[in-house]
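Counting in this note's numbering, the sequence shown runs from 1 upward without gaps.
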Amino acid sequence: MTPSYQNLWHRVTSRVSWQHFWMGLWLASWPVAVFLSANVGRLFSFTDLFLFYSLIASLCCLGLFVVGARERIALWGMVGFVLFFSFRDICDFPDHHWPSLMLYLETVHLKMAYVYLFFCAVILAFVWHFLRYTGFQRFLRYSLVSLPFLPWAETLWHAWPSREGRPLLDSMPDIVFKKKPNVYFLMIDGYPREDTLRHVLGGAQGLGTTLKRYGFFVASQSTSNYHFTAASLSSELMMSYHHSEKKFFDDHLFFLYPIVGDNRVVHVFKNHGYDFVFAPSGVLGEMACWGKEDVCLTKNSASEMKHCLRGLTPLACVPMKHVYSEPSRVEVFLKKRLRASGPQKPFFILAHFMQVHDNTVTQDGVSLVKPDHVVVDKPSIDRAHRACQQFDQKIEQLVRTIQKDDPEALIVINSDHGLLMKLDAAMSRKERRHFWMKWHTHYGADDLRLRFNNLVAVYIPAFRSAPGRYHRYFYDDMTPVNIWRCIFSYLSGGKVPLLKDRNFLALFDEGRRKYYIREEVTHVVKPQP
């Protein structure tokens with residue numbers, strides 16, 4: 001070490017105590033704890049990602065260690081560090097802590113980056129003003145040190161294996177396959193039913209009409225069992241309605257685990273020697289690879305790290321283009337699989353796509369406009385229609401590739417729910433009194449029905465030349481909970497019992513912040529004449 005560096009090291013270490021170091025280390029664990037609490041189920045498949053995240057936290061800790069040479073600068077750094085990396089917690093605070101008693105931060109657009117930076121400046125000015133008081137310094141120091149306890153406690157809470165009871169499932173018989181084709185499950189999130197696309201969005205034809213030309217059965221009156229993804233897709237993969245010994249369901253645990261692979265459909269395929277291939281909707285989010293799959297088509301640790309880290313900070317609020325999974329990923333996988341030498345196991349692939357849900361047009365997976373969960377109202381109808389049209393072409397191309405390169409494959413294409421509509425603005429007094437209007441105050445009953453009108457399409461090669469044979473297993477008003485029961489009836493040559501097709505509205509309990517499957521709305525979604 002050169003003399004100049006020795007002098008610098010001496011000046012820093014002589015002014016920084018071990019107390020500063022450990023305080024900085026503990027505070028630097030804040031983003032790590034938040035990351036763990038959000039991704040506790042994924043660490044076994046993303047060890048490299050976790051180590052990379054820890055490295056960044058260590059660099060932040062080193063920075064705090066250096067600025068700890070001066071007490072006032074250290075406190076500034078600690079406050080700024082906490083505010084920067086706790087941004088998501090700050091924005092979510094009203095949603096989880098006494099929302100009726102606090103100002104919702106979204107109402108003042110705190111999620112905009114420039115407002116948040118102004119908020120940080122005000123806090124730092126407040127801290128600077130009161131630093132002259134020894135008692136306040138002590139209070140601030142202890143408060144900052146105690147802050148990381150919350151996300152660490154949340155991590156342990158989510159990781160506790162027996163916290164949420166196992167779901168109670170509708171009965172299923174043992175299944176033995178007589179046929180073992182490759183099976184493609186293409187989930188298009190939020191895709192509307194054909195009549196919705198034609199009459200509401202103004203399309204001449206939708207994906208359903210296109211798929212019929214390729215030999216698909218398309219259910220003309222299909223509806224979803226639930227109106228949002230977590231409940232609907234997990235119910236479909238469990239082949240069961242959601243039941244629990246508890247009154248309330250935790251969205252992130254009760255609904256999420258089945259989606260990422262811990263479900264009956266995947267278990268049945270794996271028991272018959274299949275590989276489970278998962279192509280989630282993108283590199284970030286709840287629907288990502290959790291290690292339950294045999295092959296993950298979108299695992300990208302560096303990209304996930306960038307999005308995870310940015311998601312904790314106000315940087316996520318700056319308009320940025322999102323990256324989506326594309327149907328072409330499935331085509332690339334199929335061609336690689338077919339070129340592989342040696343015997344190959346059959347596979348079940350679940351591919352989830354979000355473009356239509358977000359009403360966005362993509363090119364090579366990148367959104368061409370700022371993505372958002374767009375409510376389809378009159379001004380945004382054209383945008384929603386363009387998103388559907390473009391994605392129809394991509395799915396059609398994928399279907400052609402599968403039928404050409406894997407001619408014996410079975411294909412299921414469906415959506416977990418329809419589009420979120422806001423077209424029936426005029427509600428009658430009677431409608432406003434209905435329970436669902438209490439929670440969906442801006443939407444009429446017709447909008448609620450459109451929300452449940454989803455797409456269900458199935459392709460079985462043996463039935464292409466005789467479409468009437470589809471009706472031995474499938475029917476026009478089927479719901480997702482019965483799709484795989486029908487598929488397994490075909491593959492096993494038996495008769496898997498079907499469940500009654502029903503529709504439920506999952507309301508949000510404000511007191512406990514839990515999803516609660518409270519009311520059946522079949523009579524609203526499918527009114528009797």
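The beta-carbon is built from N, C-alpha and C at its ideal position, and this holds for glycine as well.
Here the structure is a predicted model, which means the values were calculated and not measured.
Taking the CA atoms as reference points, P181 sits about 18 Å from Y214.
Given a length threshold of 4 residues, each whole run of the alpha helix (DSSP H) inside the region 187-260 is given here in chain order: 194-199, 207-213, 229-238, 256-259.
Non-local beta-carbon contacts of L237 in its own chain, meaning distances under 6 Å to residues more than five positions away in sequence, involve P258, N263, V265 in chain order. In the three-state reduction of the DSSP assignment, I460 falls in the coil class, being assigned neither a helical nor a strand state. When DSSP states are grouped into helix, strand and coil, T362 belongs to the strand group.
DSSP, reduced to helix, strand and coil, places L505 within a strand of the structure shown. Residue range 410-414 is occupied by the beta strand (DSSP E) that includes I413.
For F177, the closest alpha carbon among the candidates Y274, V218, S240 is that of Y274. Residue range 445-452 is occupied by the alpha helix (DSSP H) that includes L450. 8 Å or more divides the Cβ of A279 from the Cβ of L233. About 5 Å separates the Cβ atoms of I175 and F488, confirming a contact at the 8 Å cut-off. For F333, the enclosing alpha helix (DSSP H) stretches over residues 327-339. Rounded to the nearest whole angstrom, the C-alpha separation of A409 and M239 is 21 Å.
In the structure shown, the three-state DSSP call for V376 is strand. Minimum Cα-Cα distance from F149 among the listed residues H243, D170, W26 corresponds to W26. DSSP links Y184 through a beta bridge to I349, I411. The Cβ neighbour count for N271, taken over all protein chains shown within 10 Å, is under 16; the residue is labelled exposed. For F488, the uninterrupted alpha helix (DSSP H) run begins and ends at 483-492, by DSSP. For A153, the three-state secondary structure derived from DSSP is helix. Sixteen is the threshold: since fewer than 16 other Cβ atoms of the shown chains lie within 10 Å of the Cβ of S220, the residue is exposed.
The shortest CA-to-CA distance from P173 to any of N225, V521, R469, V268 is the one to V268. Where V524 is concerned, the enclosing alpha helix (DSSP H) starts and stops at 522-525. Here DSSP, grouped into helix, strand and coil, assigns E293 to coil. DSSP places F276 inside the beta strand (DSSP E), whose first and last residues are 275-279. Cβ contact annotation for K212 (same chain, cutoff 7 Å, sequence separation greater than five): V218, in chain order.
According to the DSSP secondary-structure assignment, E519 is paired through a beta bridge with L505. Cα atoms of R386 and V361: separation of roughly 7 Å, rounded to the nearest angstrom.
S328 is the residue among F504, S328, I483 whose C-alpha sits nearest the C-alpha of T401.
When DSSP states are grouped into helix, strand and coil, V496 belongs to the coil group. In the DSSP secondary-structure assignment, M421 is bridged to V376.
Excluding residues up to 5 positions away in sequence, N482, R485 lie with their Cβ nearer than 6 Å to the Cβ of L498 in the same chain.
The residue from P480, M478, Y473 with its alpha-carbon nearest to that of K495 is Y473. At a Cβ-Cβ threshold of 8 Å, A445 and Y226 do not count as neighbours. DSSP places V266 within a helical segment (H, G or I) once states are collapsed to three. Apart from sequence neighbours up to five positions away, the residues of its chain that approach L368 with a beta-carbon distance below 6 Å are V361, ordered along the chain.
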